[in-house]
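Q: In our numbering, the protein residues as written are 10 to 462.
Cβ atoms here follow ideal geometry from the backbone N, Cα and C, with glycine treated the same way.
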Ligand SMILES: Cc1ncc(COP(=O)(O)O)c(C=O)c1O
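1. Can you tell me the Cα-Cα spacing of residue 374 and residue 368, whole angstroms?
2. For ligand 1, is there any heavy atom lying closer than 7 Å to the beta carbon of residue 391?
3. For the candidate residues 214, 202, 92 and 111, whose alpha-carbon lies nearest to that of residue 350?
4. What is the C-beta distance between residue 121 and residue 275, in whole angstroms, given that I count them as a contact (C-beta under 8 Å)?
5. Going by CA-CA distance only, name the one from 169, 132 and 173 that's closest to residue 158.
6. When you compare each of 347, 44, 31 and 332 to residue 289 by their alpha carbons, which one comes out closest?
7. How about residue 174 and residue 416: are their beta carbons less than 8 Å apart?
8. Let's see if you can read the secondary structure: which residues bound the alpha helix (DSSP H) around residue 268?
9. Going straight from the alpha carbon of residue 321 to that of residue 260, what length do you get?
10. Among 388, 455, 401 and 408, which has the Cα closest to the Cα of residue 425?
11. Among the candidates 429, 195 and 443, whose CA atom is the shortest distance from the CA of residue 437?
12. Could you check which residue in 224, 171 and 237 has the C-alpha nearest to that of residue 206?
13. Could you check where the beta strand (DSSP E) with residue 142 kicks off and where it finishes?
14. What I want to know is whether the C-beta of residue 276 ends up closer than 7 Å to one or more non-hydrogen atoms of ligand 1.
15. Please return the same chain residues whose Cβ sits closer than 8 Å to the Cβ of residue 210, not counting the five positions on each side in sequence.
16. Please report the straight-line C-alpha distance between residue 127 and residue 83, rounded to a whole angstrom.
17. Give a single yes or no on whether residue 149 has its beta carbon closer than 7 Å to a heavy atom of ligand 1.
18. Give the straight-line distance between the Cα atoms of residue 90 and residue 252, rounded to the nearest whole angstrom.
19. Near residue 193, what residues of its chain come up, given a Cβ to Cβ distance below 7 Å and the 5 sequence neighbours on each side ignored?
20. Buried or exposed: where does residue 54 fall if 16 or more other Cβ atoms within 10 Å of its Cβ makes it buried?
21. Grab the span of the beta strand (DSSP E) containing residue 333 for me, first residue to last.
22. Starting from the N-terminal side, write out each stretch of the alpha helix (DSSP H) that is 4 residues or longer and does not extend beyond the region 71-158.
23. What does a CB cutoff of less than 7 Å around residue 303 pick up in its chain, not counting 5 residues either side in sequence?
24. Please list the segments of the alpha helix (DSSP H) lying wholly inside the region 432-459, counting only runs of 4 or more residues, in order along the chain.
25. Given 7 Å as the limit, tell me if residue 194 has its C-beta closer than that to any heavy atom belonging to ligand 1.
26. Please classify residue 21: does DSSP put it in a helix, a strand, or coil?
27. Find out if the Cβ-Cβ distance for the pair residue 273, residue 236 is shorter than 8 Å.
28. Can you tell me whether residue 13 is buried or exposed? The criterion is at least 16 other CB atoms within 10 Å of its CB, across all chains shown.
29. Can you tell me where the alpha helix (DSSP H) holding residue 323 begins and where it ends?
30. Please classify residue 364: does DSSP put it in a helix, a strand, or coil?
31. Does the region 298-313 touch the region 351-359, meaning 3 or more C-beta pairs lie closer than 8 Å?
32. Could you tell me how far apart the beta carbons of residue 167 and residue 151 are, in whole angstroms, since I believe they sit closer than 8 Å?
33. Mind checking residue 412: buried by the 16 CB within 10 Å criterion, or exposed?
34. Can at least three beta-carbon pairs, one atom from the region 100-115 and one from the region 381-400, be found at a separation below 8 Å?
35. Measuring only the C-alpha atoms, how far is residue 431 from residue 36?
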């Protein structure tokens with residue numbers, strides 16, 4: 010028992026500011042474009058659905074943004090989250106690598122998502138918003154926003170991707186327990202939903218269109234997004250900042266930092282504080298973004314301007330994309346079924362600072378089982394992609410006889426995803442085909458936009 014397994018920090022070490030990577034990014038940041046004019050979008054384009062404080066964070070050039078006390082107080086319900094050394098997994102892999110994982114599953118919703126839901130609800134309450142509308146894939150974001158709205162006295166309405174709504178009835182119950190209203194998407198309630206009735210399994214892009222439509226139609230109602238946008242990545246950087254301190258306690262610094270990527274927020278959260286050091290001071294730390302091979306945005310998508318939603322109501326963002334109306338296969342990692350990616354993470358991949366890997370669903374689940382058997386925690390299927398990448402790194406370290414330090418973000422637990430584990434145990438989980446032809450067709454339907462160098 011002499012070697013520690015967990016590195017815990019006291020509550021007064023909850024970070025006091027978020028890390029904004031925008032000023033450290035290589036090259037000039039590219040502006041979003043207005044869907045109406047295809048010209049750079051400014052605050053007036055975003056004001057109908059976001060409060061000004063979040064719009065300011067979206068474009069802020071300040072390297073740090075202070076975290077309001079009320080937000081830190083709520084963070085203290087579960088933060089700082091523990092950093093674990095995966096000693097039992099290391100032994101099972103017989104690797105000289107040191108594997109660390111940051112566990113975000115200890116939040117009330119079971120993932121990293123409340124790190125941004127809480128400040129988003131806070132700034133909306135400050136701005137006098139009455140209600141927030143959002144989309145959710147696996148249900149992690151929808152439940153996080155439902156909780157945050159409850160804590161700040163806001164109403165909350167959630168459009169849940171159809172396939173996940175059917176697979177995860179207890180996520181729905183959780184969202185309702187925190188007082189939110191939930192709809193299966195595509196729904197009959199919006200024009201966007203009705204226009205997508207031919208895709209009954211739904212997608213994050215369709216659910217976003219529905220939520221934006223509802224938010225834009227009412228003065229006192231705003232929209233909240235659980236990933237992709239700069240301010241969401243910003244809020245998640247509490248993860249990496251805590252990791253830096255916890256690894257100092259362990260006397261280590263990572264050779265490689267890994268996160269799974271759906272829209273990019275948990276990857277940004279764990280990686281950006283380390284990336285800032287790498288961009289400012291150099292060093293050899295590598296960064297690996299793990300995405301599903303059935304929705305391979307970073308590894309096979311095109312880097313160009315595209316809409317954030319399916320119907321084309323949001324500003325266009327510079328990002329890797331499979332085409333906004335491409336509907337990804339019915340993957341069990343609902344949170345990774347998104348056609349686009351964070352512009353910040355996309356720019357870092359484009360600049361060669363972050364590497365992307367694509368992982369097949371069954372390979373991710375095999376890694377998740379190995380992790381559950383050794384470390385105990387049953388991971389969210391999304392997080393299983395990061396575990397696969399971490400195990401691959403540990404095996405490569407063994408091959409090279411290197412004592413590599415690996416850090417990955419375990420973004421959530423899988424307690425509401427047991428139907429996926431059930432399918433895996435029964436041998437019913439397939440590696441879904443990504444259709445290059447569908448993606449090409451979706452990209453061909455995109456409007457003319459300025460080329461990105
Ligand atoms: C547990 C978990 N991890 C990861 C993700 C992917 O989102 P992001 O890339 O924004 O972290 C989700 C999204 O729902 C999630 O629920």
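A: In brief:
1. Looking up residue 374 in the chain shown gives position 365. Looking up residue 368 in the chain shown gives position 359. So the two alpha carbons sit approximately 10 Å from each other.
2. Along the chain shown, read from residue 1 onward, the residue named residue 391 stands at position 382. The answer is yes for residue 391.
3. Within the chain shown, numbered from 1, the residue matching residue 350 stands at position 341. For residue 350, the closest of 214, 202, 92 and 111 by C-alpha to C-alpha distance is 214.
4. As a position in the chain shown, residue 121 is number 112, starting the count at 1. As a position in the chain shown, residue 275 is number 266, starting the count at 1. Going by Cβ atoms, the distance from residue 121 to residue 275 rounds to 5 Å, so yes, they are a contact pair.
5. The residue labelled residue 158 in the question sits at position 149 within the chain shown. The residue with the shortest Cα to Cα distance from residue 158 is 132.
6. Position 280 of the chain shown, counted from the first residue, corresponds to residue 289. Per the Cα distances, 31.
7. In the chain shown, the residue the question calls residue 174 occupies position 165. In the chain shown, the residue the question calls residue 416 occupies position 407. Cβ atoms of residue 174 and residue 416: not closer than 8 Å.
8. To locate residue 268, count along the chain shown from 1; it is residue 259. Segment 265-269 is the beta strand (DSSP E) holding residue 268; no alpha helix (DSSP H) there.
9. Walking along the chain shown from the start, residue 321 turns up at place 312. Walking along the chain shown from the start, residue 260 turns up at place 251. The straight-line gap from Cα to Cα measures roughly 48 Å.
10. On the chain shown, position 416 is the one that residue 425 refers to. Closest option to residue 425, Cα to Cα, is 388.
11. Here residue 437 corresponds to residue number 428 of the chain shown, with the count starting at 1. It is 429 whose Cα lies nearest to the Cα of residue 437.
12. By one-based count along the chain shown, residue 206 stands at place 197. Measuring from the Cα of residue 206, the nearest candidate turns out to be 171.
13. Here residue 142 refers to the residue found at position 133 when the chain shown is read from its first residue. 140-145 is the span of the beta strand (DSSP E), which, as asked, contains residue 142.
14. Mapped onto the chain shown, residue 276 falls at position 267. Yes, ligand 1 has a heavy atom inside 7 Å of this Cβ.
15. For the purposes of this step, residue 210 is taken as residue 201 along the chain shown, with counting starting at 1. Within its own chain, the residues whose Cβ lies closer than 8 Å to the Cβ of residue 210, once the five positions on either side in sequence are excluded, are 170, 171, 172, 336 and 339, listed in chain order.
16. Numbered from its first residue, the chain shown carries residue 127 at position 118. Numbered from its first residue, the chain shown carries residue 83 at position 74. So the two alpha carbons sit approximately 8 Å from each other.
17. Mapped onto the chain shown, residue 149 falls at position 140. Because some heavy atom of ligand 1 lies under 7 Å away, the Cβ of residue 149 counts as near it: yes.
18. Within the chain shown, residue 90 is the residue found at index 81, counting from 1. Within the chain shown, residue 252 is the residue found at index 243, counting from 1. In a straight line, the C-alpha of residue 90 is about 9 Å away from that of residue 252.
19. Counting from 1 along the chain shown, the entry for residue 193 is found at position 184. Hits under 7 Å: 169, 171 and 174.
20. Residue numbering aside, residue 54 sits at position 45 when the chain shown is read from its first letter. Under this definition residue 54 is a buried residue.
21. The residue given as residue 333 occupies position 324 in the chain shown. Careful: residue 333 lies outside any beta strand (DSSP E) and carries neither H nor E.
22. 78-84, 96-102 and 123-135
23. If you number the chain shown from 1, residue 303 lands on position 294. These residues qualify, in order along the chain: 337, 338, 340, 370, 441 and 443.
24. 445-453
25. The residue you call residue 194 lines up with position 185 of the chain shown. Not under cutoff, so the answer is no.
26. Along the chain shown, read from residue 1 onward, the residue named residue 21 stands at position 12. Helix at residue 21.
27. In the chain shown, counting from the first residue as 1, residue 273 sits at position 264. In the chain shown, counting from the first residue as 1, residue 236 sits at position 227. A contact, by the Cβ cut-off of 8 Å.
28. For the purposes of this step, residue 13 is taken as residue 4 along the chain shown, with counting starting at 1. Flag for residue 13 reads exposed.
29. Along the chain shown, read from residue 1 onward, the residue named residue 323 stands at position 314. It is not in any alpha helix (DSSP H) - residue 323 carries neither H nor E in the DSSP assignment.
30. Your numbering for residue 364 matches position 355 in the chain shown. In this structure, residue 364 counts as strand in the three-state DSSP scheme.
31. yes
32. As a position in the chain shown, residue 167 is number 158, starting the count at 1. As a position in the chain shown, residue 151 is number 142, starting the count at 1. Confirmed, about 4 Å.
33. As a position in the chain shown, residue 412 is number 403, starting the count at 1. Under this definition residue 412 is an exposed residue.
34. yes
35. As a position in the chain shown, residue 431 is number 422, starting the count at 1. As a position in the chain shown, residue 36 is number 27, starting the count at 1. Cα-Cα distance, rounded: 46 Å.
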